[in-house]
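Participant: Take 37 as the starting number for the sequence shown in this note's numbering and just add one per residue. Cβ coordinates follow ideal geometry from the N, Cα and C atoms, glycine included. One structure, pasted below without further comment.
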Amino acid sequence: MRKLLPLLLLALGVACHKELVCPTGEAACGGRCVSLLSDAANCGACGTTCGALETCSAGACGCAPGIATCGGACTDLARDAAHCGGCDTACTGGDLCQTKDGATACTATCATGYSACGGACVDPQTDPRNCGACGHACAAGETCRAGTCGAAVAIACYASADIRPVDADLQPAGAPRPAEGGPTVIAAAGGTVYSGNGFPAGIGVIPLDDRLPTSLTVLPGNDVEGVTAHGGAVLVSNAGVGTFVVLDAAGAVLDEVVLPGDAPNPHGSAVLGTTAYVALYGDGPSAQHATAVGQQIAKVDLSQLAACAADTAPPACGAGNACAAGRECRDGLCRVRCGTVTGAIDLLGVAGAADAGGYPFPSRVATAGTKVYVTLANLAFADFGGGFAGYFKPAGHGKLAVIDTAANDAVSIVDLGAGCQNPGDLEVRGSTVWVACGSFSFRQDAPGVVVPVDVSGTPRVGAAIDASAIVPGNLAFCGDLGYVTDQASGAVLRFNPVTGAADAPVTVCPTVFFALASDVACP
Numbered sequence: 037m038r039k040l041l042p043l044l045l046l047a048l049g050v051a052c053h054k055e056l057v058c059p060t061g062e063a064a065c066g067g068r069c070v071s072l073l074s075d076a077a078n079c080g081a082c083g084t085t086c087g088a089l090e091t092c093s094a095g096a097c098g099c100a101p102g103i104a105t106c107g108g109a110c111t112d113l114a115r116d117a118a119h120c121g122g123c124d125t126a127c128t129g130g131d132l133c134q135t136k137d138g139a140t141a142c143t144a145t146c147a148t149g150y151s152a153c154g155g156a157c158v159d160p161q162t163d164p165r166n167c168g169a170c171g172h173a174c175a176a177g178e179t180c181r182a183g184t185c186g187a188a189v190a191i192a193c194y195a196s197a198d199i200r201p202v203d204a205d206l207q208p209a210g211a212p213r214p215a216e217g218g219p220t221v222i223a224a225a226g227g228t229v230y231s232g233n234g235f236p237a238g239i240g241v242i243p244l245d246d247r248l249p250t251s252l253t254v255l256p257g258n259d260v261e262g263v264t265a266h267g268g269a270v271l272v273s274n275a276g277v278g279t280f281v282v283l284d285a286a287g288a289v290l291d292e293v294v295l296p297g298d299a300p301n302p303h304g305s306a307v308l309g310t311t312a313y314v315a316l317y318g319d320g321p322s323a324q325h326a327t328a329v330g331q332q333i334a335k336v337d338l339s340q341l342a343a344c345a346a347d348t349a350p351p352a353c354g355a356g357n358a359c360a361a362g363r364e365c366r367d368g369l370c371r372v373r374c375g376t377v378t379g380a381i382d383l384l385g386v387a388g389a390a391d392a393g394g395y396p397f398p399s400r401v402a403t404a405g406t407k408v409y410v411t412l413a414n415l416a417f418a419d420f421g422g423g424f425a426g427y428f429k430p431a432g433h434g435k436l437a438v439i440d441t442a443a444n445d446a447v448s449i450v451d452l453g454a455g456c457q458n459p460g461d462l463e464v465r466g467s468t469v470w471v472a473c474g475s476f477s478f479r480q481d482a483p484g485v486v487v488p489v490d491v492s493g494t495p496r497v498g499a500a501i502d503a504s505a506i507v508p509g510n511l512a513f514c515g516d517l518g519y520v521t522d523q524a525s526g527a528v529l530r531f532n533p534v535t536g537a538a539d540a541p542v543t544v545c546p547t548v549f550f551a552l553a554s555d556v557a558c559p
């Protein structure tokens, strides 16, 4: 199970010692891990800061790429009115320096869409040195998009309780953003990362723009297993209490949908049309449950999501909690429901969904066209001694369930092969479903792989990408490259889906009595 390692460490009491141990090549400065070779705020030594037009390389400050040297000083020829386009060209009479369509010249007034900032005309929507506002510079590795500094990739670090923005090469691109708790899963939308946190459980709202504050919406229970950004809302699988929570973009709770069954244990979700498909991971037979629970895909109707989000001033409930048609009384107000459970797809009776002695344990969900794809962990009971027992052991090959919504939710099963055990996350890229397979109980039972499944016709499993250097956890495609987190460390592995080549893992998350890169998203 994905969160088993940190939970075991907590149970063993290791959490009492919270010494910050930085990845190789980084040092602790001000309570966080930084690279003294490349961090412009700690260049060569903690507290040594490079200038606004400088960058840190090999532990020394120097002029940033694209910055010239005029009279021994770093100079931005595209923005400096005293050196506009060249060291010897100065704007006069209060004119501004403007670079537009590749040409730099002095101008009396800025072009439409440009703003005057310190003697220059800049586009605050795209200018990395004046991103969103004059003087707000993006960090090394960040780009300015829609007036907000952002990184190519965001990594959730559970142990250090933060979100780490990195560039495409997994190098730091801005300071870590606090997650207000240990982030287990994340989703990104509109320059904001939404983290599903444990201890305390809740949803962190984390703008990657460091001028904006972060916040935490506390939820009951202690286990958030899924976060999906959809239609301006945030959909949350609150496994601790078996509900599907709908929040607005600011983190306010709009609705909480009770999921079907005893102990449904919801995990991942995805939306197709106006229906959310939620994996009910459940559990196998135990002292608490005579038969297996969960093992279904719940269907939640979201057709009223927009009306629910727009219902900002609901009326008070009437006598006897009476409300008008289409509303229900919650917390003393007659609210529009955001979501309604319309049914569930049972996987226990589907041939091939699990092998002998095992149960499906649906985990992650993705959609494309009219199909819904769900990874099935296919796990059996195991007793490892010392009080650690449960459904951790692979009962056979990992499975992929394919639900055809155009054929009355008919379910077919794809065997992911002997190399794939305990599949977890999945992503659809074009006509291929990519599945991260990382069997991890108290050991790695099979080498980690990322398996491609061609779904352009009859599903066909392709050659797996070797991810044996890590225990694959969560997966995302940012641009043309894939990124997989390691369930056993703070490392992230990057791979090329076209060539099948995987790079050496890069440690992104620091060690704070343990390290865990829990999830990855593309801001």
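#1: Which residue comes first and which comes last in the beta strand (DSSP E) that contains C92?
#2: How about the segment 485–503 and the segment 533–542: do they share at least three Cβ pairs that are nearer than 8 Å?
#3: Rounded to the nearest angstrom, what separates A173 and V289 at their Cα positions?
#4: Could you tell me the alpha carbon to alpha carbon distance between E364 and R371, rounded to whole angstroms?
#5: Please state whether DSSP places G155 in a helix, a strand or coil.
#6: Leaving out the 5 sequence neighbours to the left and right, which residues in its chain are closer than 7 Å to S339 when beta-carbon positions are compared?
#7: Output the distance between the C-alpha atoms of A269 and A188, rounded to the nearest integer angstrom.
#8: Judging by CA-CA distance, which residue of L56, Q324, R530 is the nearest neighbour of V202?
#9: On the CB-based measure, 16 or more other CB atoms within 10 Å of its CB, does F550 come out buried or exposed?
#10: Using the Cβ count rule (16 or more neighbours within 10 Å means buried), how would you classify P321?
#11: Identify which residue in R465, C167, G515 has its Cα closest to the Cα of S492.
#12: In whole angstroms, what is the alpha-carbon distance linking C558 and N357?
#13: With three or more beta-carbon pairs closer than 8 Å as the criterion, would you say the segment 520–534 touches the segment 174–185?
#14: How far does the alpha helix (DSSP H) with C344 in it reach, from first residue to last?
#15: Counting beta carbon pairs with one atom in the segment 508–524 and one in the segment 148–165, are three or more of them shorter than 8 Å?
#16: Do you know how far the Cα of D461 is from the Cα of A402?
#17: How far does the beta strand (DSSP E) with P351 in it extend, from its first residue to its last?
#18: Identify the residues that DSSP records as bridge partners of E364: which are they?
#19: Do you know how far the Cα of A342 is from the Cα of L40?
#20: Note down the Cα distance separating A265 from A345, rounded to an integer number of angstroms.
#21: Measure the alpha-carbon distance for P488 versus G66 and round it to whole angstroms.
#22: Starting from the C-beta of G509, find all residues in its chain whose C-beta is less than 8 Å away, skip the five residues before and the five after it, and write them out in chain order.
#23: Going by other Cβ atoms of all chains shown within 10 Å of its Cβ, with 16 needed for buried, is P302 buried or exposed?
#24: Identify the residues that DSSP records as bridge partners of R181: which are they?
#25: Please return the same chain residues whose Cβ sits closer than 7 Å to the Cβ of T179, not counting the five positions on each side in sequence.
#26: Is the Cβ-Cβ distance between I439 and L412 less than 9 Å?
#27: So, for P430: in the same chain, excluding its five sequence neighbours on each side, which residues have a beta-carbon less than 8 Å away from its beta-carbon?
#28: Could you check if R479 is buried or exposed, using at least 16 other CB atoms within 10 Å of its CB as the buried criterion?
#29: Would you tell me roughly how many angstroms separate the C-alpha atoms of Y409 and L436, rounded to the nearest one?
#30: Count the other CB atoms, across all protein chains shown, that sit within 10 Å of the CB of N532; report buried if there are 16 or more and exposed otherwise.
#31: From the DSSP output, which residues share a beta bridge with Y150?
#32: Can you grab the Cα-Cα spacing for the pair C79 / G87, in whole Å?
#33: For R68, which residues of its own chain have a beta-carbon under 7 Å away from its beta-carbon, when the five flanking residues on both sides are left out?
#34: What's the gap between the Cα of P296 and the Cα of G318?
#35: Between L206, A225, D205, F235, which has its C-alpha nearest A215's C-alpha?
Facilitator: Straight from the coordinates:
#1: Under the DSSP assignment, C92 falls in the beta strand (DSSP E) whose first and last residues are 90–93.
#2: Yes, they touch.
#3: Distance between the alpha carbons of A173 and V289: 34 Å.
#4: For E364 and R371, the gap between their C-alpha atoms comes out near 5 Å.
#5: Under the three-state reduction of DSSP output, G155 falls in the coil class, being neither helix nor strand.
#6: Setting aside the 5 residues that flank it on each side, S339 is surrounded in the same chain by T310, each with a C-beta closer than 7 Å to its C-beta; the list follows chain order.
#7: Cα to Cα, the separation comes out at about 22 Å.
#8: Answer by Cα proximity: R530.
#9: Here F550 is buried, its C-beta having at least 16 other C-beta atoms within 10 Å.
#10: Counting Cβ neighbours within 10 Å, P321 comes out exposed, since fewer than 16 surround it.
#11: It is R465.
#12: Put simply, the backbone Cα of C558 is about 44 Å away from that of N357.
#13: Between the segment 520–534 and the segment 174–185 there are fewer than three inter-stretch CB-CB distances shorter than 8 Å, so the stretches are not counted as touching.
#14: From DSSP, the alpha helix (DSSP H) with C344 extends over 341–346.
#15: With the cut-off at 8 Å, the segment 148–165 and the segment 508–524 do not touch.
#16: Between A402 and D461, the C-alpha separation is close to 9 Å.
#17: P351 -> no beta strand (DSSP E), and no H or E assigned at all.
#18: E364 is bridged to R371.
#19: Because the pLDDT at L40 is just 46, under 50, the model does not fix this residue reliably, and the value given afterwards should be weighed accordingly. Using only the alpha carbons, I get a separation of about 37 Å.
#20: For A265 and A345, the distance between alpha carbons rounds to 14 Å.
#21: Going by the C-alpha atoms only, they are around 43 Å apart.
#22: Closer than 8 Å at Cβ, skipping near neighbours: R38, G460, D461, A472, G474, V520, T521, D522, Q523, A553, S554, D555.
#23: With 16 or more other CB atoms across the displayed protein chains lying within 10 angstroms of its CB, P302 is buried.
#24: R181 is bridged to T184.
#25: Cβ neighbours of T179 within its own chain (closer than 7 Å, five residues either side excluded): P164, G186.
#26: With respect to L412, I439 sits apart: the two C-beta atoms are not nearer than 9 Å.
#27: Same-chain partners within the cutoff: G394, A413, N414, L415, A416, Q457, N458, S475, D481, A482.
#28: The predicted position of R479 is uncertain, since its pLDDT is 46 and thus under 50; a value taken from the coordinates is nonetheless stated next. Exposed.
#29: Cα atoms of Y409 and L436: separation of roughly 7 Å, rounded to the nearest angstrom.
#30: Note on N532: under 16 other CB atoms within 10 angstroms of its CB, so exposed under the neighbour-count rule.
#31: Residue pairing from DSSP leaves Y150 without any beta-bridge partner.
#32: Approximately 11 Å between the Cα atoms of the pair.
#33: The residues are P212.
#34: Cα to Cα, the separation comes out at about 11 Å.
#35: Taking each of L206, A225, D205, F235 in turn and checking the Cα distance to A215, the smallest one comes out for F235.
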